[in-house]
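Peer 1: Protein chains in written order, with my numbering: chain A, 1 to 428; chain B, 1001 to 1431.
Take a look at this one; I'll ask things after.
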Amino acid sequence: MESKVEKFILPNGLAILTKEMHHIPLVSQWVWYRVGSRNEPKGKTGISHWVEHMQFKGTAKYPINVLDKEISRGGGIWNAMTSLDWTTYFETMPADKIDIAIDLEADRMRNSFFDEDETSLERTVVISEREGNENEPLFRLGESIQKASFKRHSYAHQVIGDLQDLKTISRDDLYSHYRNHYTPDNALIAIAGDFNTDEVIKKYSDAFGTISDKRKDYFVPEPESELPESQAIEIEGPGDTVYLQLTFRSPAAQSEDFFSVVVLDSLLTGPTSLAMFGGGSISNKTSRLYRALVEKDLAAGISAGVQATIDPYVYEILTILQPNHPLDKVRVIIDDEIDRLKNGMVSEEEIQRAIKQAKALFAYGSESITNQTFWMGYASMFADHTWFENYLLQLEQVTPQRVADAAKKFLDFDHRVVGVYKPRESGN
Amino acid sequence: MNSPLEVTQNLPGPDSIDRFVLPNGITLLTYSNFNTHSVDMIGLIEAGGAADPKHKLGLAHFTSMMLSRGTQKRNFADYHDLLESRGASLSFSCGTRNTWFRGKTLAEDLEMLIDLAAESLRQPAFPPEYVERLRNQLIAGLAIRDQDSAEVASLLFDQTLFPGHPYGDPVDGSMETVKAIQREDLIAFHRDYFTPSRMIVVAAGAVSSEQVREWMEKSFSGWRNDQAKDFIMPPVPDAPERIVRSHRTLEEKSQTDLQIGTLGPSRVSPDYLPAYLGNNILGQFGLMGRIGESVRSKSGLAYHASSSINGWQEAGTWEFSAGLNPENLEKVIDLIRSEIRRFVEEPVSEEELADSKSHLIGRLPLSLETNSGIANSVLTMDRFNLGLDYYQRYPALIEAISAQQILEISRKYLHPDQLVIASAGSGIEKG
Chain A
1 MESKVEKFIL PNGLAILTKE MHHIPLVSQW VWYRVGSRNE PKGKTGISHW VEHMQFKGTA
61 KYPINVLDKE ISRGGGIWNA MTSLDWTTYF ETMPADKIDI AIDLEADRMR NSFFDEDETS
121 LERTVVISER EGNENEPLFR LGESIQKASF KRHSYAHQVI GDLQDLKTIS RDDLYSHYRN
181 HYTPDNALIA IAGDFNTDEV IKKYSDAFGT ISDKRKDYFV PEPESELPES QAIEIEGPGD
241 TVYLQLTFRS PAAQSEDFFS VVVLDSLLTG PTSLAMFGGG SISNKTSRLY RALVEKDLAA
301 GISAGVQATI DPYVYEILTI LQPNHPLDKV RVIIDDEIDR LKNGMVSEEE IQRAIKQAKA
361 LFAYGSESIT NQTFWMGYAS MFADHTWFEN YLLQLEQVTP QRVADAAKKF LDFDHRVVGV
421 YKPRESGN
Chain B
1001 MNSPLEVTQN LPGPDSIDRF VLPNGITLLT YSNFNTHSVD MIGLIEAGGA ADPKHKLGLA
1061 HFTSMMLSRG TQKRNFADYH DLLESRGASL SFSCGTRNTW FRGKTLAEDL EMLIDLAAES
1121 LRQPAFPPEY VERLRNQLIA GLAIRDQDSA EVASLLFDQT LFPGHPYGDP VDGSMETVKA
1181 IQREDLIAFH RDYFTPSRMI VVAAGAVSSE QVREWMEKSF SGWRNDQAKD FIMPPVPDAP
1241 ERIVRSHRTL EEKSQTDLQI GTLGPSRVSP DYLPAYLGNN ILGQFGLMGR IGESVRSKSG
1301 LAYHASSSIN GWQEAGTWEF SAGLNPENLE KVIDLIRSEI RRFVEEPVSE EELADSKSHL
1361 IGRLPLSLET NSGIANSVLT MDRFNLGLDY YQRYPALIEA ISAQQILEIS RKYLHPDQLV
1421 IASAGSGIEK G
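Put into structure tokens, the structure is as follows:
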């Protein structure tokens, strides 16, 4: 089952990662573009995600509705995702049906219509998606916190985009964004499963080799390594739940600090799975903050997670409270636990435990070919595929001292955003 | 590359699944998958929310959640340290009919997981401190649920479709009923309904069948419950005979969630598979079938719109759901009803039928890829008596269904003027 990842680059710049696995007759293909909300200037927020929606609206060869039927008829699953640093499209198919997926992705790398009427229909769909998000108190709180966490960097806005921009972005804006970024030199394909590597590379060469467009007008923001001065944000709304979100700067995925923060997070709030499909999860009932808050009846729940990103992003600790829980006291306790980390109160044993948990989560995520292929491409968006292969080794290098140093560097009380969502007093 | 026939024969079936009944009545099914390093366990005991007294709704759910809050051998901290230090998980949940448990672990720690599952099910301690702590956590969860428009629409739908029946009640109860539950109620529920004779366990992953059986016998063999009460599910009410509208107002919501539907075939009914295939055409295939095409692709009225079939032992539902701007509520209801009308008036096209058949058959290997996918499928085959060769027969069963059969069976269940229509979001409360 364990085979090596091989890397190929076509003359037009398209990178291809392959991994043969023959234990089950499936193939998963992921086509990645190095464009996400990070590459969106002001006034065009949400455009990468909207382009992703338009990629399901047809080409001359695969008109709308033909496209999706081709994949579904083959017994495959497919979808697409837009994130901070990337946009990706995947198909997981029975092994004998993969040719359709290759042909379809080559076709929509350059031939999508972006029809005027379809664009305006999709405008209301995207706005509807945003309205669904707005129903969640945590989306509203998170959106405000993220805006406060960056002065200029485009990580300040949500991937879905600001409502004002979703109302004004035009068909031509979308089409230019597509043509400028959906180019072989800005793309990477990851494929894993039951195929022959030489044959599949020949197929990619035939399908994608004639596309010669180059990436244009690539907007790259200046990284922001430090959060602005400490800020407090308070939002009111309906309900009976209080949310406290402490937000700090997190290191970029390529930084050596990243793995120290992964361990730190695991000790504070429990391990996070990096799998997107078929992974299991591990509870966090022995984590430091769970014991200090939930076990002391001061909070109903605690969670956090580290995201692997190109530029420094945010590390957020979320606490769920009831209106009778003492908000200020909870914040002080979280700060005390962070101070314990800063003071070096970390044992080698705890780090070993975090590594064992990461190993288990890795084994769980590897059960799914779709997820394994996701990992190959995902890591390539902010590092390269060896980032995942070396992930456990990197964690093993983390020492108690490095955890303490990372806590001092990133969990800085003078540079953070304290966000609170409170139930409105009068309502309900 | 494998031919479709080979694919089918490689699916879990009587040759690769082992089934035992332990002396105390536990049914154990195992499937070995040495392509992975882990094992998934899933199990159920017939002990669900249907047995809750009306003024203590949420009792079965509360009981299930207490199973991992300490046992007679181990306190909460030791219990979770054992699991988390090995990167394993074990959780309990509850439905109307069953209490469920799900565990996942690296294969090397499976013995520990089985032993801990046995301890939780046989000897929960219900520590008073944790009864109160969990109660507060459950109440915090209910507060979040009661602000979630999709959850509220779904609860309202169930309540309207199953008036007075346990399927109409929320398994997690309400703030008021959860506050009324006492520690003695939890102990009594466990004593009255937890019995090995009504338990099924499936293990799938990197372990031999003999090994699982040995560990299961070691951990569970002394368990009996001769005083267990019968678990009774009352008959399901009739389907609605007109349009029944209801709406719950939630403040400051940009989106309204809508759920429409009626009764559907049970999982054991011969109508189930034709209805399931038909529903794939109606609201699943491609970008959510005809419903997705009508509501999302052609009208741009919603980000999500689809339909689903849910079949259980004695009943089922046929549901249509969408999330939309409150201004478009009536339009979307009309679109969905007109798709239902078309679906029961004319047969699906041969092309649609061929597409959905090909999809459902083709995706079998994918749904059985992971250990949890396999474990779930094996459990479904056993608890609904589908036969352990069900997935091997499945392609032929699907191929045999005709457009006319789908039409006749759809007419038995669906009528555009006989539906429960529940919504939650802004607007005036109704129903």
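Note that CB positions come from ideal geometry on N, CA and C, so glycine has one too.
Can you check whether the CB of G1311 of chain B is closer than 8 Å to the CB of P1270 of chain B?
Peer 2: No.
Peer 1: Verify whether the separation of the beta carbon atoms of R1198 of chain B and F1126 of chain B is less than 8 Å.
Peer 2: No, the pair does not count as a contact, with Cβ atoms beyond the cut-off.
Peer 1: Determine the chain A residues that contact D1355 of chain B at a beta-carbon separation under 8 Å, and present them in chain order.
Peer 2: Neighbours of D1355 of chain B on chain A, chain order: K69, S72, R73.
Peer 1: If you drop the 5 nearest sequence neighbours on each side, which residues of the same chain put their C-beta closer than 6 Å to that of Q1159 of chain B?
Peer 2: Only G1168 meet the Cβ criterion.
Peer 1: Can you confirm whether the stretch 1340-1351 of chain B touches the stretch 52-68 of chain A when touching is taken to mean that 3 or more C-beta pairs between the two stretches lie within less than 8 Å?
Peer 2: Too few Cβ pairs lie closer than 8 Å, so no.
Peer 1: Quick one: give me the first and last residue of the beta strand (DSSP E) that P323 of chain A is part of.
Peer 2: No beta strand (DSSP E) contains P323 of chain A, which DSSP labels as neither H nor E.
Peer 1: Buried or exposed: V1212 of chain B, going by 16 or more other Cβ atoms within 10 Å of its Cβ?
Peer 2: The residue in question, V1212 of chain B, is buried, as its Cβ has 16 or more Cβ neighbours within 10 Å.
Peer 1: Suppose the cutoff is 8 Å on Cβ atoms and the five residues either side in sequence are ignored; what does the same chain contact list for I233 of chain A look like?
Peer 2: Around I233 of chain A: L141, S144, I145, A148, V417, V418, G419, V420.
Peer 1: State the Cα-Cα distance for the pair K285 of chain A and I1340 of chain B, rounded to the nearest angstrom.
Peer 2: Going by the C-alpha atoms only, they are around 47 Å apart.
Peer 1: Any beta carbon from chain A within less than 8 Å of G1013 of chain B's own beta carbon?
Peer 2: So, not an interface residue.
Peer 1: Where does V200 of chain A fall in DSSP's three states?
Peer 2: V200 of chain A: helix per DSSP, three-state reduction.
Peer 1: Using the Cβ count rule (16 or more neighbours within 10 Å means buried), how would you classify E91 of chain A?
Peer 2: Under this definition E91 of chain A is a buried residue.
Peer 1: When DSSP labels each residue in this structure, what does K422 of chain A get in the three-state scheme?
Peer 2: Here K422 of chain A sits in strand by DSSP.
Peer 1: For N1385 of chain B and V1268 of chain B, what's the separation of their Cα atoms in angstroms?
Peer 2: Going from the Cα of N1385 of chain B to the Cα of V1268 of chain B covers about 8 Å.
Peer 1: I believe L1090 of chain B touches L1121 of chain B by the beta-carbon criterion, under 8 Å. Please report the beta-carbon distance rounded to the nearest angstrom.
Peer 2: Not a contact, Cβ separation roughly 11 Å.
Peer 1: What number of angstroms, rounded off, separates the C-alpha of A1396 of chain B from the C-alpha of V1171 of chain B?
Peer 2: The straight-line gap from Cα to Cα measures roughly 37 Å.
Peer 1: Name the residue from A:V332, A:E396, A:E199, A:I127 whose alpha carbon lies nearest to the alpha carbon of E20 of chain A.
Peer 2: When each option's Cα is compared against that of E20 of chain A, the closest is A:E199.
Peer 1: What are the partner residues of E71 of chain A, as DSSP defines its beta bridges?
Peer 2: Glu is not the amino acid found at residue 71 of chain A; the sequence shown has Ile there. Its beta-bridge partners do not exist; DSSP assigns none.
Peer 1: Tell me which residues of the stretch 1312-1327 of chain B have at least one Cβ-Cβ distance to chain A shorter than 8 Å, keeping chain order.
Peer 2: Residues passing the 8 Å Cβ filter: G1323, L1324, N1325.
Peer 1: Just checking, does the stretch 155-175 of chain A make contact with the stretch 96-104 of chain A on the three C-beta pairs under 8 Å criterion?
Peer 2: No, because fewer than three Cβ pairs between the stretch 155-175 of chain A and the stretch 96-104 of chain A fall closer than 8 Å, the two stretches do not touch.
Peer 1: I want to verify the contact list: residues of chain A whose CB lies under 8 Å from the CB of N1136 of chain B, in sequence order.
Peer 2: Here the neighbours are D297, A300, Q322.
Peer 1: Output yes if chain A places a C-beta closer than 8 Å to the C-beta of P1347 of chain B; else output no.
Peer 2: Not one chain A Cβ lies under 8 Å of P1347 of chain B.
Peer 1: From D172 of chain A to M93 of chain A, what distance separates their C-alpha atoms?
Peer 2: In a straight line, the C-alpha of D172 of chain A is about 34 Å away from that of M93 of chain A.
Peer 1: For A1204 of chain B, which option in B:I1406, B:S1016, B:Q1404, B:D1081 has the closest C-alpha, if you only look at C-alpha atoms?
Peer 2: That would be B:S1016, whose Cα lies nearest to the Cα of A1204 of chain B.
Peer 1: Where do the N-terminal and C-terminal ends of the beta strand (DSSP E) with L1028 of chain B fall, by residue?
Peer 2: Run containing L1028 of chain B: 1027-1032, per the beta strand (DSSP E) assignment.
Peer 1: Please report the straight-line C-alpha distance between G237 of chain A and Y1031 of chain B, rounded to a whole angstrom.
Peer 2: Distance between the alpha carbons of G237 of chain A and Y1031 of chain B: 50 Å.
Peer 1: Who are the neighbours of M1194 of chain B on chain A, taking C-beta pairs under 7 Å?
Peer 2: Rather than Met, the amino acid found at residue 1194 of chain B in this sequence is Phe. Those do not exist, as F1194 of chain B stays about 22 Å from chain A at its closest Cβ, beyond 7 Å.
Peer 1: What are the boundary residues of the alpha helix (DSSP H) that Q352 of chain A is part of?
Peer 2: Its alpha helix (DSSP H) spans residues 348-365.
Peer 1: Run the CB neighbour count on A1118 of chain B, radius 10 Å, all protein chains shown included, and call it buried at 16 or more, exposed below.
Peer 2: Per the 10 Å Cβ criterion, buried.
Peer 1: Alpha carbon to alpha carbon, how far is E129 of chain A from R73 of chain A? Give it in angstroms, no decimals.
Peer 2: Approximately 27 Å, taken between the alpha carbons.
Peer 1: At a threshold of 7 Å, does A406 of chain A count as lining the ligand SAM (C-beta to nearest heavy atom)?
Peer 2: No copy of the ligand SAM occurs in the structure displayed, which carries no ligand at all.
Peer 1: Between K359 of chain A and chain B, is the shortest Cβ-Cβ distance under 8 Å, so that the two count as touching?
Peer 2: Yes, its Cβ sits closer than 8 Å to a Cβ of chain B.
Peer 1: Among residues of its own chain, excluding the 5 on either side of P41 of chain A, which ones have a beta-carbon nearer than 8 Å to its beta-carbon?
Peer 2: Excluding sequence neighbours, P41 of chain A sits near S154, F219.
Peer 1: When you check each C-beta in the stretch 1076-1106 of chain B against every C-beta of chain A, which residues fall closer than 8 Å?
Peer 2: Those residues of the stretch 1076-1106 of chain B that come within reach of chain A (Cβ to Cβ, closer than 8 Å) are F1076, A1077, H1080, D1081, L1083, E1084, S1085, R1086, G1087, A1088, S1089, S1091, K1104, T1105, L1106.
Peer 1: Hey, is G1300 of chain B's beta-carbon within less than 8 Å of any beta-carbon in chain A?
Peer 2: Judged by the 8 Å Cβ criterion, G1300 of chain B is in contact with chain A.
Peer 1: Taking the runs of the alpha helix (DSSP H) that are 4 residues or longer, which of them lie wholly in the stretch 52-128 of chain A?
Peer 2: 66-73, 98-108, all fully within the stretch 52-128 of chain A.
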